[in-house]
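Per my numbering, residue 2 is the first one in the sequence shown, and the count goes up by one each step.
By construction, the Cβ of each residue, glycine as well, lies at the ideal position given by its N, Cα and C atoms.
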Amino acid sequence: MNLADSELVLTMLEENGYQRTENPDEAGIILVNTCIVREHAQERAITNISQFQKYKDANPDVRIGVIGCMASHTGDMVAERLPFLDWVLGPDTYRSMPGLLNTLSDRKGPVVLTEGPSDELYEELAPARRDGVNAWVVITRGCNNFCTYCVVPYARGRERYRKAEAILREIEDAVAQGFPQVTLLGQNVNSWHDDGQDFGWLLEQAARVDGVKRLRFITSHPKDLSSKLLDVLGSGSPVCPELHLPMQAGSDRILKRMGRGYTNAHYRCLVEAARKIPDLYLSTDIIVGFPGETDEDYQATEALVRWADYDDAFVYRYSERPGTAASKLEDDVPNQVKIERLTKLGKIVRESGRKKREAQIGRELEVLIETPSAKDPSEYMGRTPAGHVVVVPGPVSPGQIVPVRINELRGFTLRGTVRG
């Protein structure tokens, strides 16, 4: 979502005569987009932003701002810790930026704007997309779930949904701009609805847009995952068989404390249904060490992880987020225990992910080429429809979809050769 928001902000800046530069020494404006889902992300952001003060010291006319969730939820703290900033702007306040560009900097501290219109969708703004193969298309903003550990509803507000007509028009525009892949985006995409239609219907309509080669979406909430959506997900090209389904915990007691709205049994039923989709790539999010998590609770999570046989997972240690319901609970799981549980789950997921990738060896798969390889510019990185990363030798070009025979697995990366 931050990537998509950055594209909106770039549009506003470009409409005001500014041009992008990758060199901060040349910049008149430096903006840092931030996330506060985890405490580590927030502290890392503070450290990274501090490094830009040298540009302000060298040239007082340089304008530096912080945008995104950290600006929204902890704007006053950011202003206090980073007084050299000019602006601290939350995700729904970006329309104020053009007016601020011509406002003299107040060296008493930055302008702090944390709250914007509750119905803000930036509907008429066309994202200033960079070169690449993927176009982010936002379909919802905000979240209504209020999971007890999560700060997103406080930082990004309640859910609001774009109209289907506007979404489909943006997909058409992205294809016309040369983007072969579209990713539908939201804090909870499968809660989207418009005039009696649900997300499964929208995905089906998006798949019919002429020229779309690959269609993906993130992120789904298990309590809103419908059988209709799974049917569309398994319908074949251009809909990619990839599902990110955050599990968070396997213990019903912990799931209830998290406010997730489903049980272990419900989640297993969803996975069983999803696994009927050929070549499904299934990933998840997991939190270990949530307040009150016992060894028995953890064992339920580990058992579910082993059973689900994920292709990939993002495993996190619980960290308290100020203002959330869980922040009122005692963070009583020792950090060392959290690390041990995280390490063990990570090992289980790496093993299942490796087996899933090894199963691709010998197959011929369609790979969408994305970029030159970071390690060897004569090679290129791409992805299968399911989302497995593949490296192939050139010559190929980003945006091409080429048939590739998968030959081997190095680390977590498949390698193959392009078929004639």
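Taking all protein chains in view, the Cβ of Ala304 is surrounded by fewer than 16 other Cβ atoms within 10 Å, so the residue is classified as exposed.
Counting only unbroken stretches of 3 or more residues, the beta strand (DSSP E) elements lying wholly within the region 256-297 are 282-289, in sequence order. It is roughly 12 Å from the alpha-carbon of Gly395 to the alpha-carbon of Arg420. Under DSSP, Ile219 takes part in a beta bridge, and its partners are Leu186. Here Thr141 carries a strand assignment [DSSP, helix/strand/coil]. Taking His222 as the centre and dropping the five residues before and after it, the same chain places the C-beta of Asn189 closer than 6 Å to its C-beta, in chain order. The region 195-219 is shown to contain whole beta strand (DSSP E) runs of 3 or more residues at 215-219, in chain order.
Contact annotation: Pro399 and Ile370 have beta-carbon atoms nearer than 9 Å.
In terms of Cα proximity to Arg131, the closest of Glu8, Leu169, Glu27 is Glu8. When beta bridges are read from the DSSP output, Thr372 appears opposite Met382.
Counting C-beta atoms within 10 angstroms of its own C-beta, Arg142 has 16 or more neighbours from the protein chains shown and is therefore classed as buried.
For Ala304, the secondary structure class from DSSP, reduced to helix, strand or coil, is helix. In the structure shown, Gln52 falls within a coil segment according to DSSP collapsed to helix, strand and coil.
Here Glu81 is not bridged, per DSSP, to any residue. In the DSSP assignment, Asp6 falls outside any beta strand (DSSP E) and lies within the alpha helix (DSSP H) extending over 3-16. Assigned with DSSP and collapsed to three states, Tyr155 falls in helix. Restricted to the region 309-382, the beta strand (DSSP E) segments that are unbroken, complete and at least 3 residues in length are 313-318, 365-373, listed in chain order. Judged by their CB atoms, Leu343 and Val390 are not nearer to each other than the 9 Å cut-off.
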